[in-house]
Amino acid sequence: MESQRAIFGEAIDKGNATVPKDVQHIRRFLSANCFGDYYTRGGLDLEMRELLTLVFLVSLGGADSQVKSHIQGNLNMGKTRAFLIETFSAILPFIGYPRTLNALSALDSLTLNKEAN
30 MESQRAIFGE
40 AIDKGNATVP
50 KDVQHIRRFL
60 SANCFGDYYT
70 RGGLDLEMRE
80 LLTLVFLVSL
90 GGADSQVKSH
100 IQGNLNMGKT
110 RAFLIETFSA
120 ILPFIGYPRT
130 LNALSALDSL
140 TLNKEAN
């Protein structure tokens, strides 16, 4: 949970509190496996792991909710909208326009209103 909190802040606790009891075990599996087993390995720092996770999720397609969460995680870790646009632009030739546009839409939903205020 420590690495999750470093990325997502209090939102992770709020999210866990709202998960229905019959699927809480899946959240626990996710925390223990992805954020316990993989995010805590040496070799890459937490910021790089979070960026790579976002790139993989965008590339997979069909993971819109997770893409949005990991965009927020990257923003929380200091990545800027401009940096994420450059990242999506770099992977566009490999993943295609639909997935890139979906990623940009998720980024817009999290950043455009905040930048206007």
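In this text, residue positions in the sequence shown follow my numbering: the first is 30, and each later residue adds one. A virtual CB, placed ideally from N, CA and C, is assigned to each residue, including glycine.
Euclidean distance between Cα positions of residue i and residue j
{"i": "G65", "j": "A92", "result": "21 Å"}
{"i": "T47", "j": "Q95", "result": "16 Å"}
{"i": "L130", "j": "L121", "result": "9 Å"}
{"i": "I124", "j": "F117", "result": "9 Å"}
{"i": "M77", "j": "V52", "result": "29 Å"}
{"i": "P127", "j": "S32", "result": "31 Å"}
{"i": "F112", "j": "H54", "result": "35 Å"}
{"i": "A132", "j": "K43", "result": "24 Å"}
{"i": "R115", "j": "Y67", "result": "The displayed chain sequence assigns Glu, not Arg, to residue 115. The straight-line gap from Cα to Cα measures roughly 26 Å."}
{"i": "P49", "j": "S134", "result": "28 Å"}
Nearest-angstrom Cβ-Cβ length linking residue i and residue j, presumed shorter than 8 Å
{"i": "G38", "j": "N142", "result": "Actually they are not in contact, since the Cβ atoms of G38 and N142 sit about 19 Å apart, beyond 8 Å."}
{"i": "K108", "j": "L139", "result": "12 Å between Cβ atoms; not a contact."}
Beta-carbon gap between residue i and residue j smaller than 8 Å
{"i": "R110", "j": "L89", "result": "no"}
{"i": "I41", "j": "L75", "result": "no"}
{"i": "N45", "j": "R34", "result": "no"}
DSSP three-state assignment for residue i, whether helix, strand or coil
{"i": "E76", "result": "helix"}
{"i": "A92", "result": "coil"}
{"i": "T116", "result": "helix"}
{"i": "T129", "result": "helix"}
{"i": "P49", "result": "coil"}
{"i": "G71", "result": "coil"}
{"i": "K43", "result": "helix"}
{"i": "K108", "result": "coil"}
Any chain D beta carbon closer than 8 Å to residue i
{"i": "G107", "result": "As a matter of chain content, chain D is missing from the structure shown, which is built from one protein chain."}
Check: residue i C-beta below 7 Å from any heavy atom of the ligand ATP
{"i": "R128", "result": "This structure simply doesn't include the ligand ATP, nor any ligand for that matter."}
Check whether the segment 83–98 touches the segment 58–75, taking contact to mean three or more Cβ pairs, one atom from each stretch, closer than 8 Å. The answer is no - the segment 58–75 does not touch the segment 83–98, with fewer than three Cβ pairs under 8 Å.
Validate contact between the segment 52–60 and the segment 97–114 using beta carbons, cut 8 Å, 3 pairs: No contact exists between the segment 52–60 and the segment 97–114.
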